[in-house]
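I have placed the structure first, in the form of structure tokens, so that the comments after it can refer back to it.
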Amino acid sequence: MSWRKWLFWKTPTEVKAVEFSPELLSAILTGSWGGPAKSGASVSTGSALQVAAWWRGINVIADGIRQLPVEIYRELPDGRGSEPAKDHPLYDVLRHKPNQHQSAADFWGTVLLHAAGAGRSVSYKNTVAGQVRELIPVRPDWAHVETLADMSLRYRVTFENSRSATLEQNEVFHLRGPSWDGVDGLNPVDLGREALGLAMATEESHARFHANGARPSGALVADKAAKALDPAEIDRLRAMFEEKYVGTANAGKPMILQGGLDWKQMQMTGVDAQHLETRKHQVAEIARVLRLWPIMLGLGGDESPTFASALEFMRAHVRFSLQPWLTSIKGAIECQLLTPEERREGYHVKIDTAELLRGSPQERAEAYKAALGTNSSPGWVSINEVREDDGWNPLEGDQFSRPWTPKDYGMDGGTADDQGALADGEFYDENGDPVEPDQIVKVDGEWYEIKRKVSKKPAGGARPDFREELHRRDRGGRFAPKPDANRGAAPSRDYSSYTMDDGALRAGRDAGIWTDEADAKRLVDKMMSGVPVGERLQVTVTRMPSGDIFVRGQSAGARVERSFTRDVEYEAETGRVGYKARHELFSLAPSYQGGGHAKKMLRDAIDEYRARGITAIEAQANIDKGGYVWARLGFRPQARATRLIRSDTLDHVAKSTKLSAAHKKIITDIVNNSSDDDLMFNLAAARGPRGKKIGYSLLAGSNWFGRLDLTNAKAYRRAVRALAS
1 MSWRKWLFWK
11 TPTEVKAVEF
21 SPELLSAILT
31 GSWGGPAKSG
41 ASVSTGSALQ
51 VAAWWRGINV
61 IADGIRQLPV
71 EIYRELPDGR
81 GSEPAKDHPL
91 YDVLRHKPNQ
101 HQSAADFWGT
111 VLLHAAGAGR
121 SVSYKNTVAG
131 QVRELIPVRP
141 DWAHVETLAD
151 MSLRYRVTFE
161 NSRSATLEQN
171 EVFHLRGPSW
181 DGVDGLNPVD
191 LGREALGLAM
201 ATEESHARFH
211 ANGARPSGAL
221 VADKAAKALD
231 PAEIDRLRAM
241 FEEKYVGTAN
251 AGKPMILQGG
261 LDWKQMQMTG
271 VDAQHLETRK
281 HQVAEIARVL
291 RLWPIMLGLG
301 GDESPTFASA
311 LEFMRAHVRF
321 SLQPWLTSIK
331 GAIECQLLTP
341 EERREGYHVK
351 IDTAELLRGS
361 PQERAEAYKA
371 ALGTNSSPGW
381 VSINEVREDD
391 GWNPLEGDQF
401 SRPWTPKDYG
411 MDGGTADDQG
421 ALADGEFYDE
431 NGDPVEPDQI
441 VKVDGEWYEI
451 KRKVSKKPAG
461 GARPDFREEL
471 HRRDRGGRFA
481 PKPDANRGAA
491 PSRDYSSYTM
501 DDGALRAGRD
511 AGIWTDEADA
521 KRLVDKMMSG
531 VPVGERLQVT
541 VTRMPSGDIF
551 VRGQSAGARV
561 ERSFTRDVEY
571 EAETGRVGYK
581 ARHELFSLAP
591 SYQGGGHAKK
601 MLRDAIDEYR
611 ARGITAIEAQ
621 ANIDKGGYVW
631 ARLGFRPQAR
641 ATRLIRSDTL
651 DHVAKSTKLS
661 AAHKKIITDI
671 VNNSSDDDLM
681 FNLAAARGPR
691 GKKIGYSLLA
701 GSNWFGRLDL
711 TNAKAYRRAV
721 RALAS
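Residue numbers (full-length UniProt numbering): 1 to 725.
Written as structure tokens, this is what we have:
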């Protein structure tokens with residue numbers, strides 16, 4: 001070694017190998033380490049999770065979807081409907097256990113946290129014999145997507161065990177957020193960098209303020225002319241002041257100051273208030289980035305819109321915030337996990353959001369009642385479907401698995417041809433004109449049309465004499481008079497019959513409404529006693545699929561419909577089972593109207609109702625002067641849901657000309673916004689100047705659904721007195 005080399009020779013610096021962690025390597029590749037915002041804060045996918053509003057926002061999306069069932073369905077062979085494909089290998093993976101260490105709820109929660117918080121979620125598909133057996137999520141910042149020359153995708157991922165792999169497109173389940181290039185989702189952290197940065201900066205500045213100093217509540221200020229205090233006197237004054245005036249025990253004590261001292265209270269400055277407003281505003285900005293209503297992030301006030309009800313708000317949340325993600329999940333599964341052959345065979349994905357939109361028990365009961373069907377409209381779900389929706393086991397019997405179809409529509413045991421003809425309106429009279437379903441009856445297996453004719457011309461305003469004829473349908477669907485020994489005359493239909501099915505008898509007995517069929521007939525007689533004298537009624541008592549007991553009395557001149565149903569309102573208040581009577585329809589021929597028959601029927605039945613434990617009577621107050629009469633009887637608007645009290649345009653509703661529609665709208669608003677159960681009764685009994693009765697003018701022609709509580713002694717006595725008058 002030469003002296004020059006020896007003189008200038010230095011020991012070589014040791015060079016150590018540097019290992020890149022998977023996190024650092026992926027961050028370098030993807031740029032997910034973030035970058036500074038204009039506020040100075042460094043914003044990345046990871047640091048954004050420390051912003052409370054951001055963390056709550058992506059959790060709102062993830063928690064909203066993780067509770068929904070994601071299922072594979074198969075179309076039925078006839079193409080009408082579908083069923084869960086529980087035998088498909090993907091069904092268990094998506095619905096129950098996507099991988100060894102996660103349930104379906106955990107998996108979808110992770111997937112949506114990644115997708116909502118980073119714009120994408122990547123999961124490795126572990127396949128066995130060509131079938132997906134597991135879905136293993138990968139952290140979004142540990143996956144890098146490349147577009148190859150043939151426009152296919154390749155993924156470089158790092159798993160939690162630090163093992164890296166290069167995966168082909170068919171080995172990955174990729175859920176994208178909103179995408180600009182169609183390859184990868186846009187990272188919402190990058191798009192909302194300034195909003196997140198300002199939120200982080202204001203939070204940090206507030207935290208540093210409390211960490212490095214505290215604002216005193218006030219200060220003792222000495223007068224300029226006063227002698228300056230030395231340090232010892234200042235310490236002694238501070239100790240005395242804290243002892244006498246600081247702390248909750250000394251709150252409110254009068255302050256005595258000497259020596260030119262004065263107390264100056266320190267108030268919050270405008271800068272402080274603006275600081276808090278900025279933090280609130282950033283919560284609203286973050287909500288906008290995530291497509292969420294601000295109230296979902298805990299921000300109320302002017303920043304949040306208002307809705308008519310909590311259910312309407314949830315509908316808006318599901319529709320505008322969750323549904324776009326649900327649609328993306330459905331499309332990703334069908335395109336990436338199902339094969340083209342399976343899609344052609346009718347396999348598809350269903351994500352049921354009904355659980356998020358479940359109403360209150362009372363709202364569900366009303367919805368189920370309409371869905372099950374009534375005496376005048378067919379249902380579209382069966383009892384067992386309703387029970388399954390509410391988590392109950394199905395009932396045995398085919399009748400509980402079929403939607404209800406009213407007998408008026410011809411579904412009471414006729415042939416398929418008969419049923420189809422009635423349902424499709426294919427019956428015609430002898431002139432070729434269509435026949436309405438309520439003009440058709442079935443006698444001894446034959447379909448007949450009921451026709452009513454005047455046998456004698458009325459004179460002097462007398463009530464007309466009607467004659468009823470039955471016209472039998474021929475094979476062409478037309479109706480012709482039924483042959484009879486008497487020259488061309490058709491026999492009168494016997495409407496004095498009385499039938500009760502076994503289901504109705506048992507249901508009424510179980511509910512305690514009657515003891516046996518004879519007892520049931522006594523009650524029905526009371527319920528039908530107000531029908532005009534001389535009318536021949538055909539009475540039927542039927543148990544509906546919904547469990548209601550339906551009573552009908554019908555003739556050519558009258559139609560009366562009643563039902564007994566569970567009283568949800570009574571049960572919610574008392575916790576006991578109760579049944580109410582619903583007076584659903586009372587229709588008379590024009591010549592019989594105005595005779596007070598509805599009031600007479602109620603007068604004869606009310607004592608029977610109360611003696612049998614019926615909790616309430618409900619009725620639609622819209623016949624003649626019904627809006628006024630029902631209010632006088634003590635009926636109150638059901639659930640405050642009155643219709644517009646107005647001069648109705650229906651011919652059969654009496655019109656009040658004393659008040660304009662605007663005045664009646666005011667009365668409606670008063671009724672709907674009142675918590676007074678006696679308000680309608682007081683309106684009906686109202687008197688004007690000089691004691692003039694004005695209740696009729698206020699309520700005649702009104703149209704509302706009323707309820708009379710028979711368990712309320714005051715309401716019952718009031719109704720009895722009014723009925724006796």
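Note that CB positions come from ideal geometry on N, CA and C, so glycine has one too.
Would you list the residues sitting across from lysine 580 in a DSSP beta bridge?
-> Thr565
Do you know how far the Cα of asparagine 393 is from the Cα of arginine 636?
-> 37 Å
Counting only the same chain and skipping the five closest in sequence on each side, list residues whose C-beta sits under 6 Å from that of alanine 53.
-> Val283, Ile286 and Leu297
Would you mind stating whether leucine 167 and arginine 156 have Cβ atoms separated by less than 9 Å?
-> yes
Please state whether DSSP places lysine 97 in a helix, a strand or coil.
-> coil
Whose CA, out of Tyr73, Asp676 and Gly192, lies closest to the CA of lysine 86?
-> Tyr73
Per DSSP, valine 221 is paired with what?
-> Asp262
Where the alpha helix (DSSP H) through glutamine 362 begins and ends = 361 to 372
Identify, in the order they occur along the chain, each residue of the same chain with its Cβ nearer than 6 Å to the Cβ of aspartate 651, setting aside the five sequence neighbours on each side.
-> Low local confidence applies: a pLDDT of 36 at aspartate 651 is under 50, so the model's placement there is unreliable, with the coordinate-based value given in what follows. The answer is none, since no qualifying residue turns up.
Return helix, strand or coil for phenylalanine 705, following the three-state DSSP convention.
-> strand
Expressed to the nearest angstrom, what Euclidean distance is found between the alpha-carbon atoms of tyrosine 368 and glutamine 323?
-> 25 Å
Below 8 Å on the Cβ atoms is my guess for valine 289 versus leucine 191; work out the distance and round it to an integer in Å.
-> 7 Å
Taking Cβ to Cβ, would you say arginine 139 is nearer than 9 Å to valine 145?
-> no
Proximity winner among Gly627, Pro545, Ala62 and Ala239, relative to tryptophan 704 (alpha-carbon distances) | Gly627
Within the same chain, show all residues whose beta-carbon is closer than 7 Å to that of lysine 599, passing over the 5 residues directly before and after it, in chain order.
-> Val629 and Leu723
Exposure label - serine 123; buried when at least 16 CB within 10 Å = buried
If you draw a straight line from the alpha carbon of glutamate 618 to that of leucine 708, how long is it in whole angstroms?
-> 6 Å
Whole-angstrom Cβ separation of leucine 135 and phenylalanine 107, contact assumed at under 8 Å?
-> 7 Å
If we call anything under 9 Å between Cβ atoms a contact, is arginine 543 one with aspartate 501?
-> yes
Express the C-alpha separation of alanine 354 and glycine 578 in angstroms, rounding to a whole number.
-> 29 Å
For glycine 553, which three-state DSSP category applies?
-> strand
Report buried or exposed for glutamine 362, applying the criterion of at least 16 other Cβ atoms within 10 angstroms of its Cβ.
-> exposed
Looking at the C-beta of lysine 693, does it have a partner C-beta in chain D at a distance below 9 Å?
-> Any reference to chain D falls outside this structure, which holds one protein chain only.
Other residues of its chain near alanine 631: CB distance less than 7 Å, five sequence neighbours each side excluded | Met680, Phe681, Leu683, Ala684 and Leu699
Buried or exposed: where does glycine 177 fall if 16 or more other Cβ atoms within 10 Å of its Cβ makes it buried?
-> buried
Own chain, CB closer than 8 Å to aspartate 525, minus 5 neighbours either side, in chain order = none
Report the residue from Arg687, Lys125 and Ala143 whose alpha carbon sits nearest the alpha carbon of glutamate 164.
-> It should be pointed out that residue 164 corresponds to serine in this sequence rather than to glutamate. Among Arg687, Lys125 and Ala143, the Cα nearest to that of serine 164 belongs to Ala143.
Serine 555 classed as buried or exposed, judged by whether at least 16 other C-beta atoms fall within 10 angstroms = buried
Let me know the secondary structure DSSP gives asparagine 126 once reduced to three states.
-> strand
Nearest CA to the CA of proline 403: which residue from Gly373, Arg718, Asp390 and Gly397?
-> Gly373
Who are the Cβ neighbours of alanine 316 in its own chain at under 6 Å, not counting the five residues just before and after it?
-> none
Tell me, please, whether the stretch 332 to 347 touches the stretch 178 to 190 by the rule of three or more beta-carbon pairs shorter than 8 Å.
-> no
Does DSSP put serine 121 in a helix, a strand or coil?
-> strand
In the DSSP assignment, find the beta strand (DSSP E) that holds glutamate 82 and state where it starts and stops.
-> The amino acid at residue 82 is misidentified as glutamate; the sequence shows serine. 82 to 84 is the extent of the beta strand (DSSP E) around serine 82.
Continuous beta strand (DSSP E) stretch holding glutamate 134: start and end | 131 to 138
If you draw a straight line from the C-alpha of glutamine 102 to the C-alpha of lysine 125, how long is it?
-> 14 Å
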